[in-house]
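Report on one structure; see the data block that follows.
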Amino acid sequence: MARFRSLWQASLNATKRALSWNLEDSMLPTERLVSSFNSKDSISLQQLGSIRRYAGPFARSKLQLDGVKDVIAVASGKGGVGKSTTAVNLAVALANKCNLKVGLLDADVYGPSVPMMMKIDRKPDITEDKTMIPIENYGVRCMSMGFLVEQDAPIVWRGPMVMSALEKMTRGVSWGKLDILVVDMPPGTGDAQLTITQSLQLSGAVIISTPQDVALLDARRGVKMFSKVEVPILGFIENMSCFKCPHCGEPSYIFGKGGTRKTADSMGHHFIGEVGCIVNFRTGLVQSSWQVK
175 MARFRSLWQA SLNATKRALS WNLEDSMLPT ERLVSSFNSK DSISLQQLGS
225 IRRYAGPFAR SKLQLDGVKD VIAVASGKGG VGKSTTAVNL AVALANKCNL
275 KVGLLDADVY GPSVPMMMKI DRKPDITEDK TMIPIENYGV RCMSMGFLVE
325 QDAPIVWRGP MVMSALEKMT RGVSWGKLDI LVVDMPPGTG DAQLTITQSL
375 QLSGAVIIST PQDVALLDAR RGVKMFSKVE VPILGFIENM SCFKCPHCGE
425 PSYIFGKGGT RKTADSMGHH FIGEVGCIVN FRTGLVQSSW QVK
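Per my numbering, the very first residue in the sequence shown carries number 175; after that it's consecutive.
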């Protein structure tokens with residue numbers, strides 16, 4: 175356990191470095207969003223609690239992916255709060271700025287957005303033993319249900335089919351050796367979320383929310399779900415915290431101010447920081463190519 179804690183601390187420090195980079199405008203838009211995170215406060219192991227729980231009913235059947243040191247879930251209680259953009263940012267920054275071997279699993283089956291954000295439009299190769307090989311771009315190995323269907327094709331599946339697909343994407347992928355696997359979780363607290371949390375050995379979860387009361391209420395539900403399946407909460411990130419006027423720089427808190435920090439504090443969890451509304455990120459998504467410098 176001591177060896178694992180030292181490895182986890184190294185991964186955590188790398189994550190914090192990724193969240194505090196002052197990135198140039200010419201860099202990958204997904205990295206630029208990471209530069210808005212505030213990581214001045216330290217995250218200690220005491221705050222995180224026990225990282226891996228080997229006891230208890232949920233831990234016995236969890237899969238520890240061969241060659242993957244840590245698995246971090248990026249989650250939200252509801253859709254539309256910027257969960258996927260944060261997951262992509264974190265993965266790209268860890269790979270390119272911290273020199274870590276990083277994977278990104280798009281587990282949002284009904285609304286996969288990783289293919290568009292990571293500029294991937296092909297299907298994964300299949301090995302002789304019927305496992306899928308992740309597609310790498312920007313230094314990140316990616317797997318998504320979006321690789322297997324047409325870009326605008328709806329995925330109209332019932333619960334058992336979704337759970338079967340998630341099992342395939344977790345247990346049927348040859349990730350290779352990774353320092354961190356970032357999982358873009360489906361929004362909410364239903365069957366799909368339980369399938370992932372009960373089948374993967376998660377090191378912890380990052381909760382994404384916007385400042386509105388409705389989003390924060392759902393974020394609380396998400397935290398309680400992770401608590402029930404014994405997954406530590408690494409902290410909260412407030413997305414769309416404000417919009418800065420491009421002319422005068424004056425911030426406008428159009429969705430309220432400080433709600434996510436207050437929620438994190440009230441639940442006894444770490445507040446990682448705020449991410450504002452960034453116009454350059456939206457325009458970057460529709461560019462034909464990005465460059466990492």
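Cβ atoms here follow ideal geometry from the backbone N, Cα and C, with glycine treated the same way.
Between the alpha carbons of T301 and E404 lies a distance of about 34 Å. Under the three-state reduction of DSSP, R296 is assigned to coil, being neither helix nor strand. Closest in alpha carbon position to F417, among K297, M335, G430, is G430.
Of the residues assessed, R395 falls on the exposed side of the cut-off, its CB having fewer than 16 other CB atoms within 10 angstroms. At the C-beta level, I381 and V276 stay beyond 8 Å of one another. Boundaries of the beta strand (DSSP E) harbouring F410: 407 to 413, taken from the DSSP string. For M291, the uninterrupted alpha helix (DSSP H) segment begins and ends at 288 to 291. The three-state reading of DSSP puts S258 in helix, counting H, G and I together.
Bridge partners of M399 according to DSSP: none are assigned.
Proximity of the region 235 to 249 to the region 286 to 293 falls short of the contact definition, fewer than three beta-carbon pairs being nearer than 8 Å.
In terms of Cβ geometry, G251 and A379 do not form a close pair [threshold 8 Å].
The shortest C-alpha to C-alpha distance from I407 to any of G241, P425, F445, I309 is the one to F445. Remark: C-beta atoms of A249 and V283 do not approach each other more closely than 8 Å.
Counting the other CB atoms within 10 Å of its CB gives I294 a total of 16 or more, which places it among the buried residues. As far as DSSP is concerned, E404 takes part in no beta bridge. Rounded to the nearest angstrom, the gap between the Cα atoms of S415 and R435 is 11 Å. Within its own chain, the residues whose Cβ lies closer than 6 Å to the Cβ of M399, once the five positions on either side in sequence are excluded, are T363, listed in chain order. Around the beta carbon of L374, 16 or more other beta carbons sit within 10 angstroms, so the residue counts as buried. Rounded to whole angstroms, the gap between the alpha carbons of W349 and P308 is 6 Å.
With contacts defined as CB atoms closer than 8 Å, A389 and V255 qualify as a contacting pair. Bridge pairing for S383: E412 [DSSP]. Its chain contains L207, V248, V380, I382, I411, N413, V449 as the residues whose beta carbon lies nearer than 8 Å to that of T260, once the 5 sequence neighbours on both sides are disregarded; these appear in chain order. Shown here, V283 sits in coil according to DSSP, grouped into three states, outside any helix or strand.
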